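Engineer: Sharing a structure below in structure tokens format, with a few things to ask.
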Amino acid sequence: MIRQKLASLVEKALLSARTAGVLRSESFPLVLIDLPANELHGDFACNIAMQLARPERKSPRQIADLLLSHLEDSEALLQHAEVAGPGFINFFIAPSAWQGCLKIIDAAGSAFGNCATGNGRKAQVEFVSANPTGPLHIGHGRGAAIGDVICRLLTATGWDVTREFYYNDAGAQINNLALSVQSRCMNIEPDDPRWPADGYQGEYIKEVSAAYLAKETVHSDDHQVTAVGDPNDIEAIRRFAVAWLRREQDQDLKAFDVKFDNYFLESSLYSDGKVDATVAAIIAKRHTYQHEGALWLRTTDFGDDKDRVMRKTDGSYTYFVPDVAYHLDKWQRGFVRVVNEQGADHHSTVTRVRAGLQALDEGIPKGWPEYVLHQMVTVMRGGEEVKISKRAGSYVTLRDLIDEVGRDATRFFFVMRKPDSQLVFDIDLAKQQSLDNPVYYIQYAHARICSVFENAHEKGLSISDKSISSEQLRLLETPEELRLIKWLDRLPETVDEAAREFEPHKIVYYLTELAGQFHSYYNKTKVVTDNAELSEARLYLLQQIKQVLRNALALLGVSAPERM
RNA sequence: GCGCCUGUAGCUCAGUGGAUAGAGCAUCCGCCUUCUAAGCGGACGGUCGCACGUUCGAGUCGUGCCAGGCGCGCCA
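Put into structure tokens, the structure is as follows:
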């Protein structure tokens, strides 16, 4: 926040210097305020003078001096500013300006960290989108955690977010599922020659078949399905199995605290005629051709390395065609921003979907929709990799993880690394309630603050009904205290950046640093002392640390316990 | 062979083109009569995969290599 104010001061100084005739450039580069690594270089630094050296034909230091002389610090943010090194301007912020930040946090409360970047515009995030052929596995878990945090980040930065889950309730995989359940209904085992090729062998198939034979009723999404119970009715089995597995997945997602606003069925694209309409539109725009009995889309017109088949020789469409129809539908629903969170193994769809949308010539931007592709997750247990095999049924489900290590640690671990990095999920580490486990380290900071407040309350100290004066805040003067405030002040820009880059891990790093600074401060500084004035000031600082911890943890969907 | 991602301390990973590259773990040495030791302080640890290039300045940008992962079907 202070950083932003500083940037606008420098911008004004640039304009003022030009008005005075000492700078000549018609336009200036964007003013960036850096955070120096070395504390001797101040709280902030600006390199604008170096960037202007060439166009202005002056030395960087000369320009820096000029800017300083035109700087009008109306809010008294600065204690001191100086030109250093090759032409940096170093800014030293007045302690009173830092102390004032605490009041801003206090006033904003749970909204501190939010901003209005999105300005209420409509955004949609599609994530998880698992087909209902089995329980959610670890990969879906990472997608669910990343997608959910992206939704929370976009909401915090002012976007009107719709969360969507897309799945297929027809097609080869679902047919395979129905056949597997049917076989179980007829007591056919996977090693039986009558067992379907590529059938799903997991234990859950037995549960589905038992529920089907028992004529159970299942609620999923927004409807319910009652089993017919007839092993020969493959269509009834299909409907029931899909509903049963959707319900299973929803229960897992609920346990993970991940919610969706909308479920979208691939089959609806066909039944509503959207697939045919999309294909007709692309043909009309002359981006297709017939070759060897198939219809091809000239994706090479839009950056692909070779053209792709849209309609096979058997008349059916390839998988990316309904995807294009689906995204056209998203566009028509008015989402100016669409984010698709998927596993990186779906990478090849990105170019094809975008190419299909460009071929429609609807004015859809080239980079729309945006993609966040997360890399693979490797699960470690007891120092060994847990192999994942869906068909054999030997894999760790998301539910297993949540049950074993808890929701908070599971969510935290999934977003701890940037999506581009492969993730090693160490189950033993995630389970540990020790200093090795970063999620406990952060939650412990929050619980500790609560504990200090309890202690203060017992000694008759409270700040809940008091307004703290600027005079009193001046007592927060140690390097540790100012450093903490400085870090608290950085939450809004961290959230904005994490949202802009789709990088939830930035919140994790922010929290780890904040918790570390607090633990260090706690160890060194007694908060509740005989000096009531000082104690109140410190409690006020802790109050804001607590608020910021809560806000940032909430962005991750991780709880902030009062006691541990 | 082609496309995408990754390569930074022994390990796991941060690092918006800026000044002396950071954190946690591991190893070693310290700290509870004191608001939670699930904590804190210190030490050790680096040719940022390699080579060129752009720049006043490169871990960061470009090109070419090397290594690992994923994907390369008229499968989804």
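Heads up, the first sequence is in my numbering, so the first residue is -11 and it goes up one at a time. Backbone N, C-alpha and C fix where the C-beta goes; we use that ideal spot for every residue, glycine too. The model shown is predicted, which means the values in this text are computed figures rather than measured ones.
1. Is the Cβ-Cβ distance between cysteine 173 and proline 123 less than 8 Å?
2. To the nearest angstrom, report how far apart lysine -7 and isoleucine 93 are at their CA atoms.
3. Nearest by alpha-carbon distance to alanine 133: which of Leu543, Ala548 and Ile473 is it?
4. For lysine 454, which option in Tyr528, Gln431 and Thr513 has the closest C-alpha, if you only look at C-alpha atoms?
5. What first and last residue would you give for the beta strand (DSSP E) that runs through glutamate 501?
6. Between the C-alpha atoms of leucine 537 and serine 457, what's the straight-line distance to the nearest angstrom?
7. Looking at C-beta atoms only, is the number of pairs between the segment 283 to 294 and the segment 358 to 377 that lie closer than 8 Å three or more?
8. What's the call for threonine 214, buried or exposed, on a 16-neighbour Cβ count within 10 Å?
9. Kindly indicate which three-state DSSP category isoleucine 110 falls into: helix, strand or coil?
10. What did DSSP end up calling phenylalanine 32 once you bin it into helix, strand or coil?
11. Less than 8 Å between the beta carbons of valine 374 and valine 384, yes or no?
12. Helix, strand or coil: which one does DSSP assign to leucine 389?
13. Across the segment 192 to 200 and the segment 159 to 172, are there enough close Cβ pairs to call them in contact, namely three or more that are closer than 8 Å?
14. Using the DSSP secondary-structure output, state which residues sit across from aspartate 555 in a beta bridge.
15. Taking the C-alpha atoms as reference points, what is the distance between tyrosine 305 and arginine 321?
16. Measuring alpha carbon to alpha carbon, tell me which residue in Asp292, Ile271 and Leu389 is nearest valine 341.
17. Going by the CB atoms, is the gap between glycine 545 and aspartate 245 shorter than 8 Å?
18. If you count every other CB in all the chains shown that lies within 10 Å of the CB of glycine 18, and 16 or more means buried, which is it?
19. Taking its Cβ as the centre, do 16 or more other Cβ atoms sit within 10 Å of tyrosine 314, making it buried, or is it exposed?
20. Could you tell me which residues DSSP pairs with tyrosine 258 in its beta bridges?
21. For serine 208, collect the residues of the same chain with a Cβ closer than 7 Å to its Cβ; drop the 5 residues on either side in sequence, then sort them by chain order.
22. What residue from Gln112, Ala268 and Leu141 has the CA that sits closest to tyrosine 568's CA?
23. Relative to the C-alpha of phenylalanine 490, which residue among Val412, Ala144, Lys534 and Gln278 is closest?
Structural biologist: Let me spell this out:
1. Along the first sequence, one-based indexing puts residue 173 at 185. Along the first sequence, one-based indexing puts residue 123 at 135. Going by C-beta atoms, cysteine 173 is not nearer than 8 Å to proline 123.
2. Working through the first sequence from its first residue, we reach residue -7 at position 5. Working through the first sequence from its first residue, we reach residue 93 at position 105. Cα to Cα, lysine -7 sits roughly 16 Å from isoleucine 93.
3. Working through the first sequence from its first residue, we reach residue 133 at position 145. Check the Cα spacing between alanine 133 and each of Leu543, Ala548 and Ile473: the tightest is with Leu543.
4. One-based indexing of the first sequence puts residue 454 at position 466. Taking only the C-alpha atoms, the option nearest lysine 454 is Tyr528.
5. As a working mapping, residue 501 is identified with position 513 in the first sequence. Counted as a single uninterrupted DSSP element, the stretch harbouring glutamate 501 is not any beta strand (DSSP E) but the alpha helix (DSSP H) occupying residues 493 to 512.
6. Walking along the first sequence from the start, residue 537 turns up at place 549. Walking along the first sequence from the start, residue 457 turns up at place 469. Roughly 24 Å between the two C-alpha positions.
7. Output reads no: the segment 358 to 377 does not touch the segment 283 to 294.
8. The residue given as residue 214 occupies position 226 in the first sequence. So threonine 214 ends up on the exposed side.
9. Position 122 of the first sequence holds residue 110. Correcting the residue identity first, residue 110 is lysine in this sequence and not isoleucine. In the structure shown, lysine 110 falls within a strand segment according to DSSP collapsed to helix, strand and coil.
10. On the first sequence, residue 32 is found 44 positions in, with the first residue counted as 1. Strand.
11. Counted from its first residue, the first sequence places residue 374 at position 386. Counted from its first residue, the first sequence places residue 384 at position 396. Contact flag set, yes.
12. Residue numbering aside, residue 389 sits at position 401 when the first sequence is read from its first letter. If DSSP states are grouped into helix, strand and coil, leucine 389 belongs with the helices.
13. Enough Cβ pairs lie closer than 8 Å, so yes.
14. Nothing about residue 555 can be reported from this structure: the residues present for the chain run from -11 to 552 only.
15. Taking the first residue of the first sequence as 1, we reach residue 305 at position 317. Taking the first residue of the first sequence as 1, we reach residue 321 at position 333. When only Cα atoms are considered, tyrosine 305 and arginine 321 end up about 24 Å apart.
16. Counting from 1 along the first sequence, the entry for residue 341 is found at position 353. Checking every option, the nearest Cα to that of valine 341 belongs to Asp292.
17. For the purposes of this step, residue 245 is taken as residue 257 along the first sequence, with counting starting at 1. For the purposes of this step, residue 545 is taken as residue 557 along the first sequence, with counting starting at 1. Yes, these two residues count as a Cβ contact at 8 Å.
18. Against the first sequence, residue 18 aligns to sequence position 30. Before going on, a small fix: residue 18 reads as leucine here, not glycine. Sixteen is the threshold: since fewer than 16 other Cβ atoms of the shown chains lie within 10 Å of the Cβ of leucine 18, the residue is exposed.
19. Locating residue 314 in the first sequence gives position 326, counting from the first residue. Its Cβ being crowded by 16 or more others within 10 Å, tyrosine 314 is buried.
20. On the first sequence, position 270 is the one that residue 258 refers to. DSSP, once it has assigned bridges, lists no residue as partnering tyrosine 258.
21. As a first step, residue 208 is located in the first sequence; it is residue number 220 there, counting from the start. Excluding positions up to five away in sequence, the list reads Ala231, Arg234, Arg235 and Asp238.
22. One cannot answer for residue 568 here, as it falls past the ends of the chain, which runs -11 to 552.
23. Working through the first sequence from its first residue, we reach residue 490 at position 502. When each option's Cα is compared against that of phenylalanine 490, the closest is Ala144.
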